[in-house]
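So the protein lines, in turn, are chains Y and W.
Those letters in the first sequence? Residues 0 to 288, by numbering that gives the first Met the number 0.
Those letters in the second sequence? Residues 0 to 158, by numbering that gives the first Met the number 0.
A virtual CB, placed ideally from N, CA and C, is assigned to each residue, including glycine.
Computed from a prediction, not measured in an experiment: that's the story for all the values here.
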Amino acid sequence: MSETQYLAAKTIDEAVNAHSKANGSARFLAGGTDLLVQIKSGIKKPNLVIDVKKIVELNTIDEVSENEFIVGASVSGANLNRNPKFSKLWPGVLEAFRLIGSEQIQGRASLGGNLCNGSPAGDSVPALIAAGCKALIAGPNGKREVPIEDFHTGPGKTVLENGEMLVSLKFPKRESNSSDAYLRMTPRTEMDIAVVGCGVSISIENNLCTSARVSMGAVAPTPLLINEATNIMVGSNLNSEILEKVSRLCMDACNPIDDKRGTIEYRTKVAGVLFKRTALIAIDRIKGN
Amino acid sequence: MSKIQISTKINDENVEYLCEPHDTMLDVLRNQLELTGSKESCGSGDCGSCSIILDGELVCSCLMLAAEAEGSKLETIEGMSEGGKLHALQQKFLEKAALQCGICTPGFLMASKALLDHNPSPTETEVRFWLAGNLCRCTGYDKIVKAVLEVADDMKESA
Numbered sequence: 000m001s002e003t004q005y006l007a008a009k010t011i012d013e014a015v016n017a018h019s020k021a022n023g024s025a026r027f028l029a030g031g032t033d034l035l036v037q038i039k040s041g042i043k044k045p046n047l048v049i050d051v052k053k054i055v056e057l058n059t060i061d062e063v064s065e066n067e068f069i070v071g072a073s074v075s076g077a078n079l080n081r082n083p084k085f086s087k088l089w090p091g092v093l094e095a096f097r098l099i100g101s102e103q104i105q106g107r108a109s110l111g112g113n114l115c116n117g118s119p120a121g122d123s124v125p126a127l128i129a130a131g132c133k134a135l136i137a138g139p140n141g142k143r144e145v146p147i148e149d150f151h152t153g154p155g156k157t158v159l160e161n162g163e164m165l166v167s168l169k170f171p172k173r174e175s176n177s178s179d180a181y182l183r184m185t186p187r188t189e190m191d192i193a194v195v196g197c198g199v200s201i202s203i204e205n206n207l208c209t210s211a212r213v214s215m216g217a218v219a220p221t222p223l224l225i226n227e228a229t230n231i232m233v234g235s236n237l238n239s240e241i242l243e244k245v246s247r248l249c250m251d252a253c254n255p256i257d258d259k260r261g262t263i264e265y266r267t268k269v270a271g272v273l274f275k276r277t278a279l280i281a282i283d284r285i286k287g288n
Numbered sequence: 000m001s002k003i004q005i006s007t008k009i010n011d012e013n014v015e016y017l018c019e020p021h022d023t024m025l026d027v028l029r030n031q032l033e034l035t036g037s038k039e040s041c042g043s044g045d046c047g048s049c050s051i052i053l054d055g056e057l058v059c060s061c062l063m064l065a066a067e068a069e070g071s072k073l074e075t076i077e078g079m080s081e082g083g084k085l086h087a088l089q090q091k092f093l094e095k096a097a098l099q100c101g102i103c104t105p106g107f108l109m110a111s112k113a114l115l116d117h118n119p120s121p122t123e124t125e126v127r128f129w130l131a132g133n134l135c136r137c138t139g140y141d142k143i144v145k146a147v148l149e150v151a152d153d154m155k156e157s158a
């Protein structure tokens, strides 16, 4: 790492320009809880590390209109956890984010970092996909928005081009009678990597589901949005038959790896079980239980 | 290659240092500033023995570049006692024998302080979850958890 230069960018333009000029040899540094470990172990050898935490847009939690949040890409878990409004609107996103590492890690780790690290098992990602969140990206050719379900292109790979930086995460305006949840299966109870993760976001009116999004993590090369789940759930009363049907869909969507932490068969089975449990938590939260 | 000049505040004192871009905060604390209370055990954010408080947040100083400290306020174990008087947590750790070999202890003390700063009356479960990022291979954790809970109780009584 002896060749590495450090730049604390103060504006989006400064960060984007520096990254463009470095031609693929620069890395953005948010909390650093993944990047610094990767650099120390020699997995990544950037010539330039661009610290983005001093850029206002990346470090701000903004309620742009009533119940509509934009969260800066480098906002830490400890910081987001102190926002009572956000945790009320998006308990599933927050619980997914807060599962990542210890309090020390939470003091630094960010949603943007978890997303850009590109792990298929990143805990916050299925919750962000279920939430219908969008990535706001700035680059040499201007700004663009990408739905989180389209952000990853493979393990460790994202849609970000040279010079492009994730600025913030834009959550949709939250309707009343809505909630979300995230559950994961890990061999240990805490501070472990998900064998399967599931995010569910639901709205209910007069006992009928008016919107639903289901996402699975760690069961394919990228986190998945289960599109058909929405079609089956919306308009239904989310009874056990409906949940069973969607549970099957989640299992069918699985294309996991086979490793020491979970076989293909195990991960697939757990995906179905986890969906039902996660959906029931989201439903309970709407009902105020 | 040119070094980076950093101005920061450590334990309420203004501090300036020169660092390489790749130096971690822990490298500079231990090797340049002679603040060797923070320990390096894993170097990857798993063990918590390098815990410091950065602008009010508990962090691993091994997972932070020294250059990132510009304009920040850091608390390390060296600033915990005041005028030679041990902090209540330090005193209680001694009384309760909440340490054996001592390598993890500075990290546990900083983490416990950060907990009580944020939450002055934690439940036992909250203490155990909060301290889950600090590994101790000697004590079995029970004495540490009890010491933190007793300090929280003492603080309540004296408030």
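So, using beta-carbon positions, are G138/Y and V48/Y closer together than 8 Å? Within the first sequence, the letter at position 139 stands for residue 138/Y. Within the first sequence, the letter at position 49 stands for residue 48/Y. It is not a contact, given that the beta carbons lie outside the stated cut-off.
Closer than 6 Å by C-beta to V150/W: which residues in its own chain qualify, once you throw out the five before and the five after it? Chain order, please. Start at 1 with the first residue of the second sequence, and residue 150/W comes out as number 151. Excluding positions up to five away in sequence, the list reads A87, L88 and K91.
List the residues of chain W that S101/Y touches, going by C-beta distances under 7 Å, in chain order. Working through the first sequence from its first residue, we reach residue 101/Y at position 102. Those are G47, A131 and G132, listed as they occur along chain W.
Shorter than 8 Å from the beta carbon of K20/Y to some beta carbon of chain W? Start at 1 with the first residue of the first sequence, and residue 20/Y comes out as number 21. No, K20/Y lies away from the interface with chain W (no Cβ there is under 8 Å from its Cβ).
Spatial neighbours of I203/Y in its chain, beta-carbon cut-off 6 Å, leaving aside the 5 residues before and after: For the purposes of this step, residue 203/Y is taken as residue 204 along the first sequence, with counting starting at 1. Here the set comprises N176 and I285.
Between the region 0 to 11 of chain Y and the region 70 to 83 of chain Y, are three or more C-beta pairs nearer than 8 Å? no
Output needed for C253/Y: all residues of its chain with C-beta closer than 6 Å, excluding positions within five of it in sequence on either side, in chain order. As a working mapping, residue 253/Y is identified with position 254 in the first sequence. Result list for C253/Y: V218, T267 and A270, in chain order.
Under 8 Å, Cβ to Cβ, is there at least one residue of chain W near K39/Y? Translated into positions along the first sequence, residue 39/Y becomes position 40. K39/Y counts as touching chain W.
Against chain W, does A8/Y count as a neighbour if the rule is that its beta carbon must be under 8 Å from one of theirs? Within the first sequence, the letter at position 9 stands for residue 8/Y. It does not; no Cβ of chain W falls within 8 Å.
8 Å Cβ cutoff, I192/Y in contact with chain W: For the purposes of this step, residue 192/Y is identified with residue 193 of the first sequence, where counting begins at 1. No, I192/Y lies away from the interface with chain W (no Cβ there is under 8 Å from its Cβ).
Distance cutoff 8 Å, beta carbons only. Does E56/W sit that close to anything in chain Y? As a first step, residue 56/W must be located in the second sequence, where it is residue number 57. Judged by the 8 Å Cβ criterion, E56/W is in contact with chain Y.
What residue range does the alpha helix (DSSP H) around G138/Y cover? Indexing the first sequence from 1 puts residue 138/Y at position 139. Run containing G138/Y: none in the alpha helix (DSSP H); it sits in the beta strand (DSSP E), K133 to G138.
Does the contact criterion of 3 or more C-beta pairs under 8 Å hold for the region 33 to 47 of chain Y versus the region 90 to 101 of chain Y? no
Using Cβ-Cβ distances below 8 Å, what residues of the region 42 to 63 of chain Y are close to chain W? V48, D50 and K52
Expressed to the nearest angstrom, what Euclidean distance is found between the alpha-carbon atoms of A281/Y and S239/Y? Here the question's residue 281/Y lines up with position 282 in the first sequence. Here the question's residue 239/Y lines up with position 240 in the first sequence. Computed Cα separation, rounded: 14 Å.
Mind checking G132/W: buried by the 16 CB within 10 Å criterion, or exposed? In the second sequence, the residue the question calls residue 132/W occupies position 133. Buried: at least 16 other Cβ atoms inside 10 Å.
For H86/W, write down the residues that DSSP places opposite it in a beta bridge. If you number the second sequence from 1, residue 86/W lands on position 87. Paired residues: none, contrary to the question.
Cβ separation of A95/Y and S118/Y, assumed to be a contact under 8 Å, to the nearest whole Å: One-based indexing of the first sequence puts residue 95/Y at position 96. One-based indexing of the first sequence puts residue 118/Y at position 119. At roughly 13 Å, the Cβ-Cβ gap does not stay under 8 Å, so A95/Y and S118/Y are not in contact.
For the region 102 to 128 of chain Y, which residues have a beta carbon sitting closer than 7 Å to at least one beta carbon of chain W? E102, Q103, I104, G106 and R107
How many angstroms separate the CA atom of A278/Y from the CA atom of V63/Y? Start at 1 with the first residue of the first sequence, and residue 278/Y comes out as number 279. Start at 1 with the first residue of the first sequence, and residue 63/Y comes out as number 64. A278/Y and V63/Y: Cα-Cα distance of roughly 28 Å.
Where I51/W falls: helix, strand or coil (DSSP): As a working note, residue 51/W is residue 52 in the second sequence. Strand at I51/W.
Between which two residues does the beta strand (DSSP E) harbouring P146/Y extend? Against the first sequence, residue 146/Y aligns to sequence position 147. Where P146/Y is concerned, the enclosing beta strand (DSSP E) stretches over G141 to P146.
C-alpha distance - D149/Y paired with C115/Y, whole-angstrom precision: Counted from its first residue, the first sequence places residue 149/Y at position 150. Counted from its first residue, the first sequence places residue 115/Y at position 116. Their Cα atoms are separated by approximately 12 Å.
Name the DSSP beta bridge partners of I143/W, please? Working through the second sequence from its first residue, we reach residue 143/W at position 144. DSSP output for I143/W lists no bridge partner at all.
Opposite T23/W in the DSSP bridges: which residues? Counting from one through the second sequence, the residue named residue 23/W turns up at place 24. Paired residues: L64/W.
Is any non-hydrogen atom of the ligand NAP found closer than 7 Å to the C-beta of S40/W, if you look at the structure I gave you? By its list of ligands, the structure shown contains no ligand whatsoever, and the ligand NAP lies outside what it can speak to.
Which class does V269/Y belong to by DSSP, given the choice of helix, strand or coil? Here residue 269/Y corresponds to residue number 270 of the first sequence, with the count starting at 1. Correct three-state label for V269/Y: helix.
Taking buried to mean at least 16 other C-beta atoms within 10 Å of its own C-beta, is M184/Y buried or exposed? Sequence index remark: in the first sequence, residue 184/Y carries index 185 (1-based). The residue is buried, with at least 16 neighbouring Cβ atoms inside 10 Å.
Any beta carbon from chain W within less than 8 Å of T185/Y's own beta carbon? Indexing the first sequence from 1 puts residue 185/Y at position 186. T185/Y does not count as touching chain W.
Mind listing which residues of the region 63 to 81 of chain W have their C-beta closer than 9 Å to chain Y's C-betas, in chain order? M63, L64, A66, E67, E69 and G70
The alpha helix (DSSP H) spanning K8/W covers which residue range? By one-based count along the second sequence, residue 8/W stands at place 9. That residue, K8/W, is in no alpha helix (DSSP H); its beta strand (DSSP E) goes I3 to I9.
Is it the case that the Cβ atoms of L25/W and S43/W are separated by a distance below 8 Å? The residue given as residue 25/W occupies position 26 in the second sequence. The residue given as residue 43/W occupies position 44 in the second sequence. No, the pair does not count as a contact, with Cβ atoms beyond the cut-off.
Can you list the alpha helix (DSSP H) stretches of 4 or more residues lying completely in the region 189 to 251 of chain Y, in chain order? 226 to 232
Would you verify that the beta carbon of I3/W is, or is not, closer than 8 Å to some beta carbon of chain Y? On the second sequence, residue 3/W is found 4 positions in, with the first residue counted as 1. It does; some Cβ of chain Y falls within 8 Å.
Considering just the uninterrupted stretch of the beta strand (DSSP E) at K72/W, what are its terminal residues? Translated into positions along the second sequence, residue 72/W becomes position 73. Unbroken beta strand (DSSP E) run through K72/W: K72 to E74.
A180/Y and G121/Y look like a contact to me (Cβ under 8 Å); what is the Cβ gap, rounded to whole Å? Here residue 180/Y refers to the residue found at position 181 of the first sequence. Here residue 121/Y refers to the residue found at position 122 of the first sequence. Not really, about 17 Å apart at Cβ, beyond 8 Å.
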